[in-house]
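A.B. asks:
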Amino acid sequence: MLEIPKAYEPGRIEENWYNFWLEQGYLTPKIDPDKKPFVIVMPPPNVTGELHLGHALTATLEDIMVRWHRMRGEPTLWLPGTDHAGIATQVVVEQQLAKQGQTKSEIGRENFTKLTWEWADKRREDIRLQHRLLGASCDWTREKFTLDEGPSKAVRIAFVRLYNKGLIYRGERMINWCPRCQTALSDLEVEHKDIVTHLYYIRYPLTENEGFVTVATTRPETFLGDTAVAVNPEDERYKNFIGSCVTLPIINRDIPIIADDAVDTSFGTGALKITPAHDPTDFEVAQRHNLPLVNTMNPDATMNENAGPYQGMERFACRDKVLADLKDKKLLEKIEPYFHSVGHCSRCQMMIEPRVSLQWFVQTEPLAKAAIEAVKEGRITIIPERFTKIYFDWMENIRDWCISRQLWWGHRIPVWYCQGCGKLTASVDEPAACTHCGSKQIIQDSDVLDTWFSSALWTHSTLGWPEDTDEFRYFYPGSVMETGYDILFFWVARMIMMGLEDTGEIPFHTVYLHGLIRDESGEKMSKLRGNVINPAEAISKYGVDALRFALTTGTSPGNDINLGQGKLESSRNFVNKLWNAARFILQSMDAETLKAQPIELQPQRIEDQWIDSQLNRLIKNVTGLMEEFQFGEAGQQIYDFVWSKFCDWYIEIAKIRLRPHPNLSSHEEGFGEVSPLPLLVNTLEKSLRLLHPFMPFVTEELWQSLKVRLLGSASNDNMRMPDSIMIAPYPLADDKAFAPEAERVMDSVIEIVRSIRNVRAQYKVGPTRWIEAQVYADELLPSLILEANIIETLAKVRPLTILGRQQRKPDEDKALVLVLKEAEVVVPLAGMVDRLAEEQRLMKESGEVNARIAQLDARLKDSAFLSKAPAQVIEKEKQKLAMLEDKLKRLLQELSQLSSSSADM
Ligand SMILES: [Zn+2]
Ligand SMILES: [Zn+2]
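Quick note on the working numbering: the sequence shown kicks off at 288 and runs consecutively.
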């Protein structure tokens, strides 16, 4: 028989089992029209991303669902893939070029794209390996990349369809602009940082009269693009100015003073400069009042020809010069410090510039309507439910989506401009000529699409849409979309919109949102704080199974997860506990093959019925919890059962029964004759299957060792076991196994043993020492007598007397009486304590405590100390004194108990 190593070494087995699963083809589902498939499309990690705990959590949660459904016999598809991650990737490759002293324009678009492909291919290989390391049982034969031919074609088709429907348009709008990356950014790509700047009060001279209107601004350099000053129509200070003009200093341009309800009278002076080309709010004001747009900046945030004397200056240099010039003209009234939040490019940290520019947009309102309906009608469920409201809030206030990016890495916009007639042609395939005039002089739009555009199609583009493939028909719509709650809007909502728009069907039935991972004290993990846990390091230190278990147990959907070394250690301890328990059972099987034979269970003894009942209750609970997506609680319940009921109680009891018993007590029936092995094996085997979705590696290793032994025993010829635990059925609860009476007895046995153990601990009775005890019971008396051997050994009591309550002798003042739920335990003190030694110990300890009390007491009466020490130090000393006085009281009590019990010895 195979030797079971003493300690579990995760690294030794993980890779082997993963390769085994892969070679057996378990990860690739077969299309079976008679069965409903279970489908998860993996949120594609960015090719730029290092494997962090968030990925590990995503992979683990999805793998738990996928393995569970696979074990339930459903054709299960978990489709993996990666995202090209537009700007994020382009910036990384640009930085690498910069290290070699090159820029992307020097090497050209074609070479740059080639270079980026090479880099992305390498990173995709890393991501694949990282997922294998985590045990992710996804179908690598169906792996996709957003830039693959299939998904790319889906992108072009989706674009052209929306364009033809009038839902994609090109227009001048205010967008977030990064002057360094020189591209539009989505809101997600903008990081808001709180910074301290200044609020500048600038005087604008009235055009027709003496005097000024003073405006307050954080960006004085943008005054060159002002096209109005706005005041609130209710503001008494400015009522008379409405309709007149001010003249912009230095450039001497006249602009009107207008009234707008949106102006906040409490900000600055209550008069706002309106710069429509450089501020999103001002842009909206300008639209309401038909104000012209004056753009004063180039794409790289230097000033352009509209900036008059400042043309060519960088924006911040321009600010300094503008301020100096205004000061010279005595038009700078005052400067105040100001604290506010400013957007920065999340890729390069450059301060973003709101900018009006010509971009492509999706008109999202009609798409959002359908997506809201799908959730309202319950066709899509969001877990946890509280995010449904957030989803509705977002979708009801949705703005048009800017989808063009001035980048080279991504899906090129499928639009061609005609040099002849000036019209444009949108086409899935490259057109030979302009569809309007037939001119061959056409040029493709140089921009690419927002990376989220292809992500929004991910659920159907990965299955072959728009082709009517078998896979698309069978696996779409998916079952669950599992991701972090932070991208509910950016990604999940857009998948729902585009899924419905493209296919007419919802893309998935359930959205499961997980929380963010924080450190053990609930702080955000960051390199700066130094509290980041690297998953690769955690895996090599604790093993994959421990990491997976730590990430998922005791958590609930949508809530943030606290993870530290402590939780990882306790998960590793659990893996070791399971390993040791299994090792004991496997070795017992090797020693007693014959007794292990009756695999058909007929639990005879009470504890056998009890463990089987508890196991089946666990199976029932876990199944219910998994169905409700409560994976954290399911894992926790399996943990509690295996650790406590199975390992700490049943296995300890089984060890007693498996030992040779030369002189069994007279009240033993069948003890030592009925082998606990069948129950040990059965409980272990089912526990392994229950745990498999959470801890795939250690469970497969142990299950295989168990299988070898089960098949090896002669009478189990007919037994059929699958080749892997991964395709073994998930356990089903057998209600017939529920045994309330056995549970009642065992609850009482456990309570009796625990209470005696507590007394032993309290009186510091050495572990090898036997003490005497009597148990008195009513209804449970016959059953407790049957368990006498167990109570005796586990509580280390001898002699143990178990009697009816009416036989109880009235001598309890010399003994401890423990009143339990169904029994009373009497422990004579005399037998328990070595009286003299105990008396000496108590005397010595109370003497020491007494001396410390005197010391503290003196200090707290010392006026020098009281006058010098800080209040909290004095308070601490007082608390210490109270604690010591308490302790002394307890010691004296124990002493008096001891002398009363020894009185008649
Ligand atoms: Zn940037
Ligand atoms: Zn044309």
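The C-beta atom is built at its ideal place from N, Cα and C for all residues, glycine as well.
Measure the alpha-carbon distance for ASP350 versus ASN303 and round it to whole angstroms.
C.D. replies: 18 Å
A.B. asks: In the structure shown, what three-state DSSP assignment does TRP464 receive?
C.D. replies: strand
A.B. asks: Throw me the rounded Cβ distance for the PRO963 and ALA941 pair, which I believe falls under 8 Å.
C.D. replies: 4 Å between Cβ atoms; contact.
A.B. asks: Can you tell me which of the three DSSP states CYS721 falls into?
C.D. replies: coil
A.B. asks: Ligand 2 and GLY599: does the residue's C-beta get closer than 7 Å to at least one heavy atom of that ligand?
C.D. replies: no
A.B. asks: Is the distance from the Cβ of PRO653 to the Cβ of LEU454 below 8 Å?
C.D. replies: Taking 8 Å as the cut-off, the Cβ atoms of PRO653 and LEU454 count as close.
A.B. asks: Alpha carbon to alpha carbon, how far is ARG467 from CYS635? Give it in angstroms, no decimals.
C.D. replies: 8 Å
A.B. asks: With distance defined between alpha-carbon atoms, name the residue in GLU640, ILE622 and LYS621 nearest to GLY630.
C.D. replies: When only C-alpha atoms are compared, the closest one is GLU640.
A.B. asks: Per DSSP, what are the beta-bridge partners of ASP268 in this structure?
C.D. replies: The question about residue 268 has no answer, for the chain in this structure spans 288 to 1192.
A.B. asks: Does the Cβ of VAL328 have 16 or more other Cβ atoms within 10 Å, making it buried, or fewer, making it exposed?
C.D. replies: By the C-beta density criterion, VAL328 is buried, having at least 16 other C-beta atoms within 10 angstroms.
A.B. asks: Is the stretch 1049-1065 in contact with the stretch 1081-1094, if contact means three or more CB pairs nearer than 8 Å?
C.D. replies: yes
A.B. asks: With DSSP collapsed to three states, give me the class of ASN849.
C.D. replies: strand
A.B. asks: Thinking C-beta only, is PHE648 closer than 8 Å to TYR456?
C.D. replies: yes
A.B. asks: Taking 7 Å as the cut-off, is the CB of SER726 close to at least one heavy atom of ligand 2?
C.D. replies: yes
A.B. asks: What I want to know is whether the C-beta of MET782 ends up closer than 7 Å to one or more non-hydrogen atoms of ligand 1.
C.D. replies: Flag unset: Cβ of MET782 not near ligand 1.
A.B. asks: Kindly identify the DSSP beta-bridge partner or partners of GLY437.
C.D. replies: GLY437 pairs with nothing; no bridge assigned.
A.B. asks: What did DSSP end up calling GLN1061 once you bin it into helix, strand or coil?
C.D. replies: strand
A.B. asks: For SER742, which residues in the same chain have their Cβ closer than 8 Å to its Cβ, ignoring the five residues on either side in sequence?
C.D. replies: Contacts found: PRO331, ASP370, THR433, TRP778, ARG781 and MET782.
A.B. asks: Starting from LEU1090, follow the beta strand (DSSP E) in both directions and report where the run begins and ends.
C.D. replies: First-last of the beta strand (DSSP E) with LEU1090: 1084-1091.
A.B. asks: For the stretch 798-829, list the alpha helix (DSSP H) runs that are entirely contained and at least 4 residues long, ordered along the chain.
C.D. replies: Here the runs fully enclosed are 822-829.
A.B. asks: If you reduce the DSSP assignment to three classes, tell me which class SER473 lands in.
C.D. replies: Three-state DSSP puts SER473 in coil, outside helix and strand.
A.B. asks: Within the chosen definition, does the stretch 1070-1087 reach the stretch 1041-1051 through at least 3 CB pairs nearer than 8 Å?
C.D. replies: yes
A.B. asks: If I measure Cβ to Cβ from ASP1004 and keep anything under 6 Å in the same chain, skipping five residues before and after, which residues do I get?
C.D. replies: Legend: pLDDT at ASP1004 = 49, less than 50; position of this residue unreliable, no value from coordinates given.
A.B. asks: Does the beta-carbon of SER974 have 16 or more other beta-carbons within 10 angstroms, so that it is buried, or is it exposed?
C.D. replies: buried
A.B. asks: Using only the heavy atoms of ligand 1, determine whether one of them is closer than 7 Å to the beta carbon of ARG490.
C.D. replies: The answer is no for ARG490.
A.B. asks: Should MET1192 be labelled buried (16 or more other beta-carbon atoms within 10 Å of its own) or exposed?
C.D. replies: The predicted model places MET1192 with a pLDDT of 35, which falls under 50 and marks its position as unreliable; any figure quoted below should be read in that light. MET1192 comes out exposed.
A.B. asks: Quick test of the definition: if touching needs 3 or more C-beta pairs under 8 Å, does the stretch 798-805 touch the stretch 834-852?
C.D. replies: yes
A.B. asks: If you draw a straight line from the C-alpha of ILE544 to the C-alpha of SER531, how long is it?
C.D. replies: 6 Å
A.B. asks: Could you say which of PRO292, ARG357, LEU364 and SER1154 lies nearest to THR749 if we only look at CA atoms?
C.D. replies: LEU364
A.B. asks: Going by alpha carbons, who is nearest to LEU1175 out of THR556, ALA1141, GLU754 and ILE1014?
C.D. replies: ALA1141
A.B. asks: Tell me the residue span of the beta strand (DSSP E) that contains GLN731.
C.D. replies: 729-731
A.B. asks: My guess is that LEU744 and PRO297 are in contact by the Cβ rule of under 8 Å, so how many angstroms apart are they, rounded?
C.D. replies: Actually they are not in contact, since the Cβ atoms of LEU744 and PRO297 sit about 38 Å apart, beyond 8 Å.
A.B. asks: Figure out for me which residue from ARG835, TRP703, ILE489 and LEU1129 has the closest Cα to the Cα of VAL500.
C.D. replies: Measuring from the Cα of VAL500, the nearest candidate turns out to be ILE489.
A.B. asks: According to DSSP, simplified to helix, strand and coil, what is TYR926?
C.D. replies: Shown here, TYR926 sits in a helix according to DSSP, grouped into three states.
A.B. asks: Please report the distance separating the alpha-carbon of ARG699 from that of VAL735.
C.D. replies: 4 Å
A.B. asks: Would you kindly check if the distance between the Cβ of ASN585 and the Cβ of ASN593 is under 8 Å?
C.D. replies: no
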